[in-house]
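Input: a single structure, listed below in structure tokens.
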Amino acid sequence: MRFPLALTVKIARHIIKHKLRKTPKFAMVLQLEPLHTCNLTCTGCGRIREYSTSLKDMVPLEQCLAAAQDCDAPMVSICGGEPLIYPKIEELVAGLREQGRIIYICTNAMFMRKKMRDYMATVFTPEMEPKLQQLVAEKLVTEKEAEAIRKADAAAKAKVVIKPSKWMYWNVHVDGLEFTHDLIVEREGVFKECVLAIKMAKILGYQTATNTTVYKETDVQEIEDMFKFLSSLDVDGHTISPGYDYDAAKKDMVKRLGRDPKEFFLTRDMTRKKFAKIEEWGQLFTIFGTPVYQEFLAGKRELTCTAWAIPTYNVKGWKAPCYLMTDGHYPTYGEMLGTVKWETYGVVNGVARDSRCEHCMVHCGYDPSGALSNKPRDTWINMKYNFGAKPKPYPASADLEKRAFNGVTIGKGHLAEAKAAINPAAGARGAFTRKEEEHTHAAAPAATGGGCGTGDTSQRDDLLAKIKANGSVTTKAE
Ligand code: SF4
Ligand code: SF4
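For what it's worth, this note's numbering labels the leading residue of the sequence shown as 959, then goes sequentially.
See below:
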């Protein structure tokens, strides 16, 4: 099975219950944003921009748990911001488990290994020494960290921690292979950390998934290589969605990066071209999401948006109409359902009811439409897909690993030029030379097959400007 049986049964029971009751609108997945603070500033992230004035605010733990009760979605995706920064994240996960929910922790992975070391400290016994040794041998835990786990005191042992569970997934944000991912998250070394965290999670028995956003300049071959590589790490499943041009992200792009958002985000036609192979990927890799949604992405059918099925709750309340667009916040899920004029949103038979929806085909608007379809044929293909054999992990190989680590690991990170300018003796390779041939650093048009990821040189340019002004500079990335 692509998705574990117990979890499938839970979701199926939820849908059947509401269909029998003829509930017109109900929640399938709660997008819970306990905070919007993040340790990264990814290009294209709408959250940290839209909520820039409330980054210090947090939803109290009890309120987070009450929101889950309020909408009663069987699945909760804890996102943000970076949810592992939330001070009560462990208690939140434990509380949602007590409510019997399936949990996804959507993370950029930078704090995942720390959280897993905390877990190890609480359960460590001498019988676990071989596993600890394995983590040290694979450089996932340092000797010093291993010693801290062995010598955990009573306080460390008593901590509430995030334990492996079949009801919980780490859902790691990965937008491409090393060069592209680090460029999009605007920091070198993040891709490598994602890989280390996934490896550690698998050794410790956690379920792991990944989520990927496809942008205009995303190279389709690279996405396929990324799936192969992640599958070789035995990742349990992948979510993939086209990027959406958030107003806040668009404004940021113009102001901070001096870029035209049209260069970056996908139109519907472009999305269909990028996702032409999604059904093939669904057979080769464990792609989460219904085959009905996959047909929609591939341009084989239309669907109507069901944004109310994946509601978002955050510091301002229930965000309407969807995860992407904000026309208001409501105090309860019921009030949001009853007040929002849902018939004014989405795209029906190719015609946008709201111009902002025109190019949207995102997972959080349309994947539930596939799961909730009343057509017997759709129910059948959804069941066949989920109950079908889980694709086998892609064979790991040195070549695949080499293709994956195509950035800072081999001296070709997006900050390489700035570093070379700071320290020419180190002989860092020029940036943006991920292909063997030399080429322009500007973003290449999609028609040419794309060039340097987003083409965003702002971080490097800032550094070079500071070097010019001050003679030297140090960066977090060094
Ligand atoms: S890690 Fe997530 S929340 Fe943080 S900046 Fe990136 S996309 Fe936004
Ligand atoms: S189509 Fe639906 S999910 Fe997409 S922006 Fe419009 S309301 Fe939101």
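Ideal Cβ positions, reconstructed from N, Cα and C, are used throughout, including at glycine. Treat the numbers as computed from the prediction; the structure is a model and nothing was measured.
Item to check | Backbone CA spacing between residue 1105 and residue 1128 [nearest angstrom] | outcome: To locate residue 1105, count along the sequence shown from 1; it is residue 147. To locate residue 1128, count along the sequence shown from 1; it is residue 170. Each residue's Cα considered, the two are about 25 Å apart.
Next on the checklist: Please return the same chain residues whose Cβ sits closer than 8 Å to the Cβ of residue 1043, not counting the five positions on each side in sequence.
Outcome noted: Translated into positions along the sequence shown, residue 1043 becomes position 85. The answer, listed in chain order, is 993, 995, 996, 997, 1069.
Next on the checklist: Give the list of continuous alpha helix (DSSP H) stretches no shorter than 4 residues that lie fully inside the stretch 1050 to 1123.
Outcome noted: 1070 to 1081, 1087 to 1095, 1101 to 1108, 1112 to 1115
Checklist entry - For residue 1287, which three-state DSSP category applies? => result Position 329 of the sequence shown, counted from the first residue, corresponds to residue 1287. The answer is strand: DSSP assigns residue 1287 an E or B state.
Checklist entry - For residue 979, does the count of other Cβ atoms within 10 angstroms reach 16, so buried, or fall short, so exposed? => result Here residue 979 corresponds to residue number 21 of the sequence shown, with the count starting at 1. That one is exposed.
Checklist entry - Exposed or buried, which one is residue 1332 when buried takes at least 16 other CB atoms within 10 Å? => result Locating residue 1332 in the sequence shown gives position 374, counting from the first residue. Classification of residue 1332: exposed, given that the 10 Å Cβ count is below 16.
Checklist entry - So what does DSSP say about residue 1366, is it helix, strand or coil? => result One-based indexing of the sequence shown puts residue 1366 at position 408. Reduced to three states, the DSSP call for residue 1366 is helix.
Item to check | Terminal residues of the beta strand (DSSP E) in which residue 990 lies | outcome: Here the question's residue 990 lines up with position 32 in the sequence shown. Looking at the DSSP string, the run of the beta strand (DSSP E) that includes residue 990 is 987 to 990.
Next on the checklist: Any heavy atom of ligand 2 inside 8 Å of the beta-carbon of residue 1037?
Outcome noted: As a working mapping, residue 1037 is identified with position 79 in the sequence shown. The answer is no for residue 1037.
Next on the checklist: The alpha helix (DSSP H) that contains residue 1128, what's its start and end?
Outcome noted: Position 170 of the sequence shown, counted from the start, is the residue given in the question as residue 1128. Taken as a continuous stretch (DSSP letters only), residue 1128 belongs to no alpha helix (DSSP H), being part of the beta strand (DSSP E) at 1126 to 1131.
Item to check | Alpha-carbon spacing of residue 1252 relative to residue 1268, whole angstroms | outcome: The count along the sequence shown starts at 1 and reaches residue 1252 at position 294. The count along the sequence shown starts at 1 and reaches residue 1268 at position 310. Each residue's Cα considered, the two are about 18 Å apart.
Checklist entry - So does the stretch 1186 to 1205 actually touch the stretch 1304 to 1312, counting three or more Cβ pairs closer than 8 Å? => result no
Checklist entry - Taking one C-beta from the stretch 1133 to 1141 and one from the stretch 1089 to 1100 each time, how about it: are there three or more such pairs within less than 8 Å? => result no
Item to check | residue 1002, buried or exposed, once every other Cβ within 10 Å from all chains shown has been counted against 16 | outcome: Start at 1 with the first residue of the sequence shown, and residue 1002 comes out as number 44. Residue 1002 comes out buried.
Next on the checklist: Under 8 Å, with one C-beta from each stretch per pair, do the stretch 1176 to 1192 and the stretch 1355 to 1371 reach the 3-pair mark?
Outcome noted: yes
Next on the checklist: In chain order, what are the residue ranges of uninterrupted beta strand (DSSP E) at least 3 long that sit wholly in the stretch 1326 to 1370?
Outcome noted: none
Item to check | residue 1142: first and last residue of the uninterrupted beta strand (DSSP E) it sits in | outcome: As a position in the sequence shown, residue 1142 is number 184, starting the count at 1. Not the beta strand (DSSP E): residue 1142 falls in the alpha helix (DSSP H), residues 1136 to 1142.
Next on the checklist: Measuring straight from C-alpha to C-alpha, what distance separates residue 1402 and residue 1045?
Outcome noted: Stepping through the sequence shown from its first residue, residue 1402 is reached at position 444. Stepping through the sequence shown from its first residue, residue 1045 is reached at position 87. For residue 1402, the predicted structure reports a pLDDT of 36, less than 50, and the residue's modelled location is therefore unreliable. A value from the coordinates is still provided. Spanning the two alpha carbons is a distance of roughly 42 Å.
Item to check | Buried or exposed by the 16-neighbour rule on C-beta atoms within 10 Å, applied to residue 974 | outcome: The count along the sequence shown starts at 1 and reaches residue 974 at position 16. Counting Cβ neighbours within 10 Å, residue 974 comes out exposed, since fewer than 16 surround it.
Next on the checklist: Tell me which residue opens and which closes the alpha helix (DSSP H) that residue 1251 is part of.
Outcome noted: For the purposes of this step, residue 1251 is identified with residue 293 of the sequence shown, where counting begins at 1. First-last of the alpha helix (DSSP H) with residue 1251: 1249 to 1255.
Checklist entry - Taking the alpha helix (DSSP H) that residue 1181 falls in, what are its first and last residues? => result Position 223 of the sequence shown, counting from 1, holds the residue named residue 1181. Where residue 1181 is concerned, the enclosing alpha helix (DSSP H) stretches over 1178 to 1190.
Item to check | Closer than 8 Å: residue 998 CB and nearest ligand 1 heavy atom | outcome: For the purposes of this step, residue 998 is taken as residue 40 along the sequence shown, with counting starting at 1. Because some heavy atom of ligand 1 lies under 8 Å away, the Cβ of residue 998 counts as near it: yes.
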